[in-house]
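Chemist: Below is one structure. I have some questions about it.
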Amino acid sequence: LLHAAFQTSISQSEHTVSSDLVKLLLQESVDLHPALKDLKRQVIITVASKSESASVLVLNELQLRLSAIQDRTSAQILGELVQMDFKGVDKFIELAVSVLEG
Numbered sequence: 781l782l783h784a785a786f787q788t789s790i791s792q793s794e795h796t797v798s799s800d801l802v803k804l805l806l807q808e809s810v811d812l813h814p815a816l817k818d819l820k821r822q823v824i825i826t827v828a829s830k831s832e833s834a835s836v837l838v839l840n841e842l843q844l845r846l847s848a849i850q851d852r853t854s855a856q857i858l859g860e861l862v863q864m865d866f867k868g869v870d871k872f873i874e875l876a877v878s879v880l881e882g
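For the sequence shown, this note's numbering gives the first residue as 781, with consecutive numbering after it.
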């Protein structure tokens with residue numbers, strides 16, 4: 781539902797995506813259903829690639845998680861984002877390079 785809402789009105793996501801929402805979407809428990817895990821990741825990827833303000837929030841959270849705990853989920857999402865073509869992708873590529881060098 782959340783994914784559909786963001787796809788239909790990306791302009792709305794400029795006002796509804798918060799750092800708390802990004803953190804919630806990146807949290808994955810061991811017993812999380814695979815379909816829900818994939819959906820949460822797709823929402824993150826969609827908002828990061830379609831909304832400039834959400835992109836900054838996602839970038840900051842990925843950077844924090846990758847530098848602090850080397851989060852596998854964040855690394856996989858970053859890998860998906862760097863393969864896309866959207867405004868701001870360069871920042872995600874820079875983060876990926878710094879993680880690989882680090």
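All C-beta atoms in this analysis are idealised placements derived from N, C-alpha and C, irrespective of residue type, glycine included.
On the criterion of 16 or more Cβ atoms from any shown chain inside 10 Å, does Lys820 qualify as buried, or is it exposed?
Modeler: With 16 or more other Cβ atoms within 10 Å, it is buried.
Chemist: On a Cα-Cα basis, can you pick out the residue from Asp811, Ile849, Leu875 that is closest to Glu746?
Modeler: Nothing about residue 746 can be read from this structure; the chain reaches only from 781 to 882.
Chemist: Exposed or buried, Glu881, counting other C-beta atoms within 10 Å across all chains shown (16 or more means buried)?
Modeler: The residue is exposed, with fewer than 16 neighbouring Cβ atoms inside 10 Å.
Chemist: Please state whether DSSP places Gly882 in a helix, a strand or coil.
Modeler: Residue state, collapsed to three classes: coil.
Chemist: Identify which residue in Val879, Val797, Ser878 has its Cα closest to the Cα of Leu837.
Modeler: For Leu837, the nearest C-alpha among the options comes from Val797.
Chemist: Who are the near neighbours of Ser799 in its chain, counting only those whose CB is closer than 6 Å to its CB and skipping five residues on each side?
Modeler: Here the set comprises Leu837.
Chemist: Just reading off the alpha helix (DSSP H) that Glu860 is part of, what are its end residues?
Modeler: Run containing Glu860: 852-861, per the alpha helix (DSSP H) assignment.
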